[in-house]
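Participant:
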Amino acid sequence: AFAEQCSRMTRAETGRLGLLLPMQMADLAGYAATRSAVTSRLTLEHAAELGEGVFPGVNEPTGMFIFAGGTGTDGSWIRCVDDSLPAHVHRFSSLPPESFGDVGVHTGNAASLLVAREGAGRALRVGRDIDPFALAPPSHVLRDVDLPEGKYARVAAESRYSDAVIVLRQTASRPIAARHEPWAYFRNSVLACYGAPGHDVDYLLGVLNSEVVARIHRVKFRDARQRTFPQLKISHLRALPIPGPEIGSVYARIANAARAVQEGLPQARAELEVLVSQAYGL
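Residue numbers (our numbering): 1188 to 1469.
Here it is, written out as structure tokens:
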């Protein structure tokens, strides 16, 4: 109502309107009617995401929106692809949906019964155990207990953990991935990658950890740009464009560079970034 009233008070021919609004109003379907009410009178000229905590007492992401005369659209007020990312980046297909899974242990209301730092149980990793190209030993244990009435949790079949070839940190603004060796159970702060037909695991690891994919991810998904609780989601991973063997010899070179990074060879990371940029045509 506030935004609509402001648009009514703005001169159609010469007026300009600036609004500070919750960023979620820019693209959520539930706000389409509000966007339509404003842009039935005005055209959006500029939008900028200011982030979280820019105003005292306001914790959610805030956006600045500038309007001028003319009618616009009730569609999203933010662009999915930033102008600095060429359109050809998105010509590559995504990996099959089954390549990724959210199968981590959901402790429900039984965390204190199921998870401990030490003691008897099955080895259990959490998101903080994952760094780019590096996997720390499991920092927790998953206890083998029968939950009493009223307590609930979800633990997937053992194969869903052992079959994961790559694990990724879930609370992150970009993919942070490591080879899942040796395998262990993991909490829901970890996402799983099961590989994909025709793809080398080290190649996928190199691409997922690259600065290019970090940039694509942050541009495409607003959740990833939150400072206080950035999120890497299964839907994000399934939507990432990933070059395949069609890129030619650079494919094997990326896989080799990723292996070199894992071996700690000097300059390997820099070489990997150059190769991934070439793969995406940047």
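Glycine is no exception: its CB is placed at the ideal position from the N, C-alpha and C atoms. Since the model is a prediction, treat every value here as computed from it, not as a measurement.
Could you check if Asp-1316 is buried or exposed, using at least 16 other CB atoms within 10 Å of its CB as the buried criterion?
Facilitator: Against the sequence shown, residue 1316 aligns to sequence position 129. When all chains shown are included, Asp-1316 counts as buried.
Participant: Out of Leu-1206, Ala-1365, Arg-1341, state which residue places its alpha-carbon closest to the alpha-carbon of Gly-1291.
Facilitator: As a first step, residue 1291 is located in the sequence shown; it is residue number 104 there, counting from the start. Ranking the options by Cα distance to Gly-1291, first place goes to Arg-1341.
Participant: Is there a Cβ of chain B sitting closer than 8 Å to that of Val-1313, yes or no?
Facilitator: The structure shown has no chain B; it contains just one protein chain.
Participant: Within its chain, find whatever has a CB closer than 7 Å to the CB of Ala-1199; leave out the 5 residues flanking it on each side and keep chain order.
Facilitator: Here residue 1199 is taken as the residue at index 12 of the sequence shown, counted from 1. Excluding residues within five positions, the ones whose Cβ falls inside 7 Å are Arg-1228, Gly-1256.
Participant: Would you identify the three-state DSSP class for Tyr-1372, choosing helix, strand or coil?
Facilitator: Residue numbering aside, residue 1372 sits at position 185 when the sequence shown is read from its first letter. Here Tyr-1372 sits in strand by DSSP.
Participant: By the DSSP assignment, the alpha helix (DSSP H) with Arg-1402 in it spans what residues?
Facilitator: The residue you call residue 1402 lines up with position 215 of the sequence shown. Looking at the DSSP string, the run of the alpha helix (DSSP H) that includes Arg-1402 is 1398-1407.
Participant: What residue from Ala-1442, Pro-1335, Phe-1252 has the CA that sits closest to Asn-1296's CA?
Facilitator: Working through the sequence shown from its first residue, we reach residue 1296 at position 109. Here the closest residue by C-alpha is Pro-1335.
Participant: What distance in whole Å lies between the Cβ atoms of Val-1461 and Val-1377, which are believed to be in contact at a cut-off of 8 Å?
Facilitator: By one-based count along the sequence shown, residue 1377 stands at place 190. By one-based count along the sequence shown, residue 1461 stands at place 274. Going by Cβ atoms, the distance from Val-1377 to Val-1461 rounds to 29 Å, so no, they are not a contact pair.
Participant: Looking only at DSSP bridge pairs, what is Gly-1288 linked to?
Facilitator: Numbered from its first residue, the sequence shown carries residue 1288 at position 101. Beta-bridge pairing links Gly-1288 to Ala-1379.
Participant: Confirm, please, whether the CB-CB distance from Ala-1466 to Val-1448 is below 8 Å.
Facilitator: Against the sequence shown, residue 1448 aligns to sequence position 261. Against the sequence shown, residue 1466 aligns to sequence position 279. No, the pair does not count as a contact, with Cβ atoms beyond the cut-off.
Participant: By the 10 Å Cβ neighbour count, where 16 or more other Cβ atoms means buried, how is Val-1268 classified, buried or exposed?
Facilitator: Taking the sequence shown and counting its residues from 1, one reaches residue 1268 at position 81. Note that Val-1268 scores a pLDDT of 39, beneath 50, so its modelled location is shaky; the value from the coordinates is reported in the next line. When all chains shown are included, Val-1268 counts as exposed.
Participant: Considering only the beta carbon of each residue, do Leu-1311 and Leu-1322 sit closer than 8 Å?
Facilitator: One-based indexing of the sequence shown puts residue 1311 at position 124. One-based indexing of the sequence shown puts residue 1322 at position 135. No, Cβ-Cβ distance for Leu-1311 and Leu-1322 is not below 8 Å.
Participant: Measure from the alpha carbon of Ala-1274 to the alpha carbon of each residue in Pro-1428, Leu-1282, Leu-1204, Ser-1326, then state which is nearest.
Facilitator: Position 87 of the sequence shown, counting from 1, holds the residue named residue 1274. Per the Cα distances, Pro-1428.
Participant: Looking at the unbroken alpha helix (DSSP H) that takes in Arg-1477, where does it start and where does it end?
Facilitator: Since the first residue shown for the chain is 1188 and the last is 1469, residue 1477 is missing from the structure and cannot be characterised.
Participant: Would you call His-1327 buried or exposed, if buried means 16 or more other Cβ atoms sit within 10 Å of its Cβ?
Facilitator: The count along the sequence shown starts at 1 and reaches residue 1327 at position 140. His-1327 should be labelled buried.
Participant: Give every residue of the same chain whose Cβ lies closer than 7 Å to the Cβ of Gly-1202, excluding the five residues on either side of it in the sequence, and list them in chain order.
Facilitator: Counting from one through the sequence shown, the residue named residue 1202 turns up at place 15. If we look at Gly-1202 and ignore the five residues flanking it on each side, its Cβ neighbours are Gly-1256.
Participant: So Ile-1419 and Ala-1359 are supposed to be a Cβ contact under 8 Å. How far apart are they, rounded?
Facilitator: Mapped onto the sequence shown, residue 1419 falls at position 232. Mapped onto the sequence shown, residue 1359 falls at position 172. Per the sequence shown, residue 1419 should be read as Leu rather than Ile. Contact flag correct, Cβ pair sits at about 5 Å.
Participant: Hey, quick one: how far does the alpha helix (DSSP H) through Ala-1455 stretch, first residue to last?
Facilitator: The count along the sequence shown starts at 1 and reaches residue 1455 at position 268. Judged by DSSP secondary structure, Ala-1455 falls within the alpha helix (DSSP H) whose first and last residues are 1455-1466.
Participant: On the three-state DSSP scale, how would you describe Cys-1267?
Facilitator: The residue given as residue 1267 occupies position 80 in the sequence shown. At Cys-1267, the pLDDT of 40 sits below 50, so the modelled position is not reliable and the matter cannot be decided from this model.
Participant: Whole-angstrom Cβ separation of Gly-1382 and Val-1352, contact assumed at under 8 Å?
Facilitator: The sequence position of residue 1382 within the sequence shown is 195, counting from 1. The sequence position of residue 1352 within the sequence shown is 165, counting from 1. Contact flag correct, Cβ pair sits at about 5 Å.
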